[in-house]
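In the numbering used here, the protein residues as written are 14 to 301.
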């Protein structure tokens with residue numbers, strides 16, 4: 014019998030049942046891809062992360078570099094923020110890792126996570142999107158926002174995330190009250206160019222706590238109807254809003270039902286720091 018420890022953490026929040034839940038499995042040995050996918054489907058969260066040691070002589074407490082993979086209930090993904098945050102928290106908190114910085118080898122290259130105060134800072138790639146003709150994505154925009162006015166449409170070809178910015182005349186309640194049908198959304202875009210939809214709007218920096226922008230994220234193409242808080246989407250959003258607002262440091266709020274807060278800093282080296290907190294809500298064992 015194989016016994017695999019599993020932790021569920023809520024990421025980008027300091028409160029249980031808020032933020033984005035991720036499952037994290039620290040593994041003594043690699044499993045086959047089919048088993049990774051079955052475990053992720055069984056757990057059925059937006060992401061399940063699997064951490065493995067790169068050096069057999071390392072432990073989860075002493076090692077500073079690990080391999081990290083992320084699976085949705087239906088597929089493996091190339092980049093996931095909240096499950097990276099959760100993975101670092103498992104190593105720092107539950108495995109009492111002694112290093113100040115942990116590096117994960119992933120499909121998106123090396124991702125470093127540094128402990129800072131009550132939370133963690135992730136060093137992520139920046140994914141600048143390019144402006145698109147809205148008419149090219151008319152069906153998907155219609156399925157997502159209906160008749161609401163749209164200001165900008167951008168696409169990150171690298172991440173296959175389409176970003177639709179609502180007009181500044183829209184109130185935040187327009188974004189939060191949108192009822193997006195994942196089936197209609199998925200069927201409105203079958204070209205393969207889009208695997209995730211970001212809806213965003215300008216924030217209220219003058220009102221406490223001073224959010225620079227708001228967003229929601231939908232990825233039914235990857236088996237995720239709506240993701241509560243999405244680090245990878247902010248590699249696109251951070252680039253876009255930094256340019257539009259003329260700011261390097263921003264506070265973002267993803268206004269899903271659960272909600273979550275992200276601190277962003279766009280760096281001069283073409284990367285982005287994404288910071289947040291986590292809360293552990295479940296700890297157990299998978300027996301196979």
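No residue lacks a Cβ here, since even glycine has one placed at the ideal position from N, Cα and C.
Over what stretch of residues does the beta strand (DSSP E) that includes residue i continue unbroken?
| i | result |
| --- | --- |
| residue 49 | Premise fails: residue 49 lies in the alpha helix (DSSP H), 46-56, not in any beta strand (DSSP E). |
| residue 62 | 61-66 |
| residue 267 | 262-267 |
| residue 231 | 226-232 |
| residue 14 | No beta strand (DSSP E) holds residue 14; DSSP gives it neither H nor E. |
| residue 239 | 237-240 |
| residue 286 | 284-289 |
| residue 39 | 33-40 |
Rounding to the nearest angstrom, what Cα-Cα distance links residue i and residue j in this structure?
| i | j | result |
| --- | --- | --- |
| residue 29 | residue 93 | 20 Å |
| residue 235 | residue 130 | 34 Å |
| residue 95 | residue 35 | 7 Å |
| residue 191 | residue 157 | 8 Å |
| residue 294 | residue 20 | 8 Å |
| residue 100 | residue 298 | 16 Å |
| residue 279 | residue 231 | 24 Å |
| residue 71 | residue 175 | 40 Å |
| residue 107 | residue 187 | 40 Å |
| residue 128 | residue 273 | 19 Å |
| residue 146 | residue 155 | 14 Å |
| residue 164 | residue 212 | 11 Å |
| residue 290 | residue 148 | 39 Å |
| residue 87 | residue 52 | 11 Å |
| residue 160 | residue 183 | 12 Å |
| residue 219 | residue 139 | 27 Å |
Assuming residue i is part of the alpha helix (DSSP H), what are its boundary residues?
| i | result |
| --- | --- |
| residue 256 | 246-258 |
| residue 195 | 195-201 |
| residue 152 | 151-158 |
| residue 187 | 185-190 |
| residue 94 | 94-102 |
Under 8 Å between the Cβ atoms of residue i and residue j?
| i | j | result |
| --- | --- | --- |
| residue 292 | residue 22 | yes |
| residue 228 | residue 267 | yes |
| residue 98 | residue 65 | no |
| residue 43 | residue 74 | no |
| residue 15 | residue 301 | yes |
| residue 203 | residue 32 | no |
Considering only the alpha carbon of each residue, which of the options lies closest to residue i?
| i | options | result |
| --- | --- | --- |
| residue 196 | 153, 70, 224 and 45 | 153 |
| residue 162 | 175, 179, 149 and 150 | 179 |
| residue 189 | 258, 214, 72 and 210 | 214 |
| residue 259 | 237, 226, 274 and 242 | 226 |
| residue 167 | 203, 150, 155 and 237 | 150 |
| residue 89 | 278, 46 and 224 | 46 |
| residue 49 | 17, 71 and 67 | 17 |
| residue 264 | 217, 233 and 296 | 217 |
| residue 141 | 184, 148, 170 and 122 | 170 |
| residue 255 | 240, 242 and 281 | 281 |
| residue 83 | 25, 112, 123 and 37 | 37 |
| residue 233 | 257, 222, 193 and 53 | 193 |
| residue 144 | 54, 26 and 257 | 257 |
| residue 277 | 244, 222 and 123 | 244 |
Would you say residue i touches the ligand MG, meaning its beta carbon is less than 7 Å from a heavy atom?
| i | result |
| --- | --- |
| residue 170 | The ligand content of the structure shown is nil, which means the ligand MG is not present either. |
Inset, instruction - Specify whether the region 64-80 and the region 112-119 touch according to this definition: at least 3 beta carbon pairs, one from each stretch, less than 8 Å apart. - result: yes
Legend entry - Three CB pairs or more closer than 8 Å across the region 50-61 and the region 132-149: no
Inset, instruction - For the region 272-287 and the region 250-260, state whether three or more C-beta atom pairs, one from each stretch, are separated by less than 8 Å. - result: yes
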